[in-house]
Amino acid sequence: MQIEVVKSKIHRVKVTGADLNYIGSITIDEDLMDAANIIRGEKVQIVNNNNGERLETYAIPGPRNSGEITLNGAAARKVAVGDILILITYGRMDIEEAKTFNPSLVFPNEQTNLLT
Numbered sequence: 163m164q165i166e167v168v169k170s171k172i173h174r175v176k177v178t179g180a181d182l183n184y185i186g187s188i189t190i191d192e193d194l195m196d197a198a199n200i201i202r203g204e205k206v207q208i209v210n211n212n213n214g215e216r217l218e219t220y221a222i223p224g225p226r227n228s229g230e231i232t233l234n235g236a237a238a239r240k241v242a243v244g245d246i247l248i249l250i251t252y253g254r255m256d257i258e259e260a261k262t263f264n265p266s267l268v269f270p271n272e273q274t275n276l277l278t
């Protein structure tokens, strides 16, 4: 049997942009993506601490060391610049593997979204 578990989490990042006219996705500073082991195109669950919204989209890398967190396309309607988000990805694995698996947890600077 396989189960779905948290693979990675970027905890409490601030929305820096919302681009309704983009084709979709969330743009994430590539340094944050690397630290959280998130790859281009990976499905990401977005939890908005400000309004309770939960949605899913896919990740695209933004400029390194920029702190960029931009919701694109229809997802832009679910956030406001300055909202605090938690970004989560999940992986499927066997139960025995899941018992010892350690997710990548990232806690960036809440003011800048940087890994300082």
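First residue of the sequence shown: 163, per this note's numbering; consecutive thereafter.
Every residue gets a Cβ at the ideal spot worked out from N, C-alpha and C, and that includes glycine.
Since this is a predicted model, take the numbers as computed values, not measurements.
Item: Three-state class that DSSP yields for I257 in the structure shown; Value: helix
Item: Whole beta strand (DSSP E) elements within the segment 175 to 256, 3-residue minimum; Value: 179 to 181, 187 to 191, 205 to 210, 216 to 224, 231 to 234 and 246 to 256
Item: Chain-order list of residues whose beta-carbon lies under 8 Å from that of P265 (same chain, five-residue window excluded); Value: V167, V168, K169, S170 and K171
Item: The beta strand (DSSP E) enclosing L303, as first and last residue numbers; Value: In this structure the chain extends from 163 to 278, so residue 303 is not present and cannot be described.
Item: E166 - partner residues in DSSP beta bridges; Value: R254
Item: Candidates R226, D256 and L267, of which the one nearest I190 by Cα; Value: R226
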